[in-house]
Amino acid sequence: MKTVLKLEEILMFVLGIYLFNQLDYAWWWFLVLILAPDIGMVGYLFNNKIGAFTYNLFHHKGLAILVYLAGVYFSIPLCQLIGIILFSHSALDRAMGYGLKYDKGFKFTHLGEIGN
Numbered sequence: 043m044k045t046v047l048k049l050e051e052i053l054m055f056v057l058g059i060y061l062f063n064q065l066d067y068a069w070w071w072f073l074v075l076i077l078a079p080d081i082g083m084v085g086y087l088f089n090n091k092i093g094a095f096t097y098n099l100f101h102h103k104g105l106a107i108l109v110y111l112a113g114v115y116f117s118i119p120l121c122q123l124i125g126i127i128l129f130s131h132s133a134l135d136r137a138m139g140y141g142l143k144y145d146k147g148f149k150f151t152h153l154g155e156i157g158n
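Structure representation (structure tokens):
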């Protein structure tokens with residue numbers, strides 16, 4: 043089952059690449075921005091609860107989809123880009139085993155403990 047879930051996440055990452063390709067941005071933007079959602083880890087400088095909240099906010103696929111769809115509806119390419127980057131980054135993270143965080147600490151995720 044773990045392999046099937048990773049494959050699903052990889053295919054979502056590929057979908058993000060496809061959607062990015064539909065926008066009028068140079069490819070280097072995707073490469074530069076793909077790690078930007080990790081800014082959510084800054085919350086861990088305060089404590090685990092704030093860290094988990096900010097990390098999960100920047101890694102929530104539902105939020106990413108809403109931002110993207112708002113960009114489509116209102117014809118705002120920047121919103122579409124932000125949604126695609128959030129979605130693609132989250133899919134890539136989950137394919138590598140980094141899930142949404144519990145407030146017990148960074149290594150405790152909905153996919154299991156990181157490192158185990």
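FYI, the numbering used here numbers position 34 of the sequence shown as 76, with every residue one higher than the one before it.
Backbone N, C-alpha and C define an ideal beta-carbon position, used for all residues, glycine too.
These numbers come from a predicted model, not from an experiment.
{"Query": "Which of helix, strand or coil DSSP assigns to residue 139", "Result": "coil"}
{"Query": "Top-ranked residue by Cα proximity to residue 89, from 152, 143, 157", "Result": "143"}
{"Query": "Per-residue DSSP class, three states only, for residue 62", "Result": "helix"}
{"Query": "Element boundaries [alpha helix (DSSP H), containing residue 95]", "Result": "90-100"}
{"Query": "Reference residue 130, options 45, 51, 44, closest by Cα", "Result": "51"}
{"Query": "Whole-angstrom C-beta distance between residue 133 and residue 58, which should lie under 8 angstroms", "Result": "6 angstroms"}
{"Query": "Local conformation of residue 116 per DSSP, three classes", "Result": "coil"}
{"Query": "Counterpart residues of residue 154 in DSSP-defined beta bridges", "Result": "151"}
{"Query": "CB-CB length for residue 145 against residue 91, believed under 8 angstroms", "Result": "4 angstroms"}
{"Query": "Secondary structure of residue 146, DSSP reduced to three states", "Result": "coil"}
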